[in-house]
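Positions 11 to 278 (the working numbering) are the ones given, in order, by the sequence shown.
Positions of the beta carbon are idealized from the N, C-alpha and C atoms, including for glycine.
Just so you know, these numbers come straight off a predicted model, no measurement behind them.
Written below as structure tokens is the structure these notes are about.
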Amino acid sequence: MKQPTDNNYDAFVAHLIVSLPEIDQQISDVQFADGHIIIIRGDESVAVDIEPFERAYRRRPDAFDAVMSTLLRVSRGEKGIADPGYQAIATQIIPQLKPIALLAELIERGAEPIIYRVFLADLIITYAIHDGKRLSYLTETQLARWNVSEHTVHAQAITNLHDRSQQVPYHKAGNGSHQIVVFNVNDGLDAVRILLPDIIQTASIDIPGDIIIGIPNRDFLVVVSDDDPDRVAAVALQITRDMRQHAHGLSNRLFTISHNEVREYNGM
């Protein structure tokens with residue numbers, strides 16, 4: 011699908027007017043008035059507010075195909091589940107760590123551009139809610155419709171994660187520099203708890219030296235000491251194996267916490 015030649019409002023609207031009839035042969039005409047694209051199919055016309063789609067395109071020009079597909083679905087009345095609004099779902103939003111390759115996969119599938127924040131080691135933070143039995147990512151279109159910023163969503167997601175992690179169990183084994191702490195609750199949030207330095211530091215308070223964190227997959231977070239280089243190397247090897255074998259593999263990199271911030275570990 012061809013993209014607008016310029017990343018600006020007028021070019022986006024002009025491109026829609028030309029391209030929509032080429033994509034959907036049932037469309038006989040496309041007009042623009044008062045911030046709405048008017049899509050005409052036979053004797054029926056549908057007005058679609060262009061602002062959330064233009065905003066999504068401006069933030070993610072590479073996702074133009076997904077933006078167009080969503081606009082067409084909306085114009086056909088394929089609205090899906092009713093939108094309850096941000097306030098109704100705010101306390102349900104959870105952060106999720108995903109490989110950055112997910113973005114390319116979503117574009118290839120024609121999915122709406124999702125909200126995300128770049129993390130570390132080719133990982134991104136996405137935001138989702140449980141929609142029945144599946145996890146639904148929050149999208150650019152939703153945030154535009156709710157008039158809510160990504161910063162607000164991120165802060166809310168971290169608050170929700172913190173609330174869900176206050177009493178979460180974790181496993182401890184060994185002593186001194188051989189002590190290990192493992193989060194393996196299998197609630198889909200084990201690895202993403204790396205975003206809660208206070209929770210991790212409290213759990214690993216008895217571990218000497220700097221702490222090393224591994225998140226090989228969605229359902230596993232391990233903390234060890236960096237006092238023993240051989241042990242760190244062994245843990246790094248095991249993390250690589252676990253990442254490759256797990257259906258929800260994340261990263262073979264190691265992380266640490268410095269000044270209450272998560273950073274990549276470069277001690278090896």
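Going by C-alpha positions, residue 153 is about 30 angstroms away from residue 178. The continuous alpha helix (DSSP H) containing residue 61 extends over residues 61-69.
Residue 184 and residue 218 have their C-alpha atoms spaced approximately 12 angstroms apart. In terms of CA proximity to residue 239, 277 leads the group 277, 25 and 109. In the DSSP assignment, residue 159 falls outside any beta strand (DSSP E), carrying neither H nor E.
DSSP, reduced to helix, strand and coil, places residue 186 within a helical segment of the structure shown. DSSP places residue 230 inside the beta strand (DSSP E), whose first and last residues are 230-235.
In this structure, the beta-carbon distance from residue 162 to residue 122 does not fall below 9 angstroms.
At a Cβ-Cβ threshold of 9 angstroms, residue 202 and residue 221 do not count as neighbours. Note: residue 109 is bridge-paired with 133 in the DSSP secondary-structure output. Counting C-beta pairs with one atom in each stretch, the segment 190-207 and the segment 223-230 have three or more that are closer than 8 angstroms, which means they touch. For residue 260, the three-state secondary structure derived from DSSP is coil.
Per DSSP, reduced to three states, the secondary structure at residue 173 is helical. Approximately 17 angstroms separates the beta-carbon atoms of residue 76 and residue 47; this is outside 8 angstroms, ruling out the contact. Per DSSP, reduced to three states, the secondary structure at residue 152 is helical. Here residue 105 is buried. Its C-beta has 16 or more other C-beta atoms within 10 Å. Cβ-Cβ distances below 8 angstroms link residue 61 to 45 and 154 in the same chain, with the five nearest sequence neighbours on each side left out; the list follows chain order.
In the three-state scheme derived from DSSP, where H, G and I count as helix and E and B as strand, residue 226 is classed as strand. Excluding five sequence positions before and after residue 172, the CB atoms of its chain that fall closer than 7 angstroms to its own CB belong to 206, given in chain order.
In the three-state reduction of the DSSP assignment, residue 245 falls in the helix class, which pools H, G and I. With contacts defined as CB atoms closer than 9 angstroms, residue 66 and residue 73 qualify as a contacting pair.
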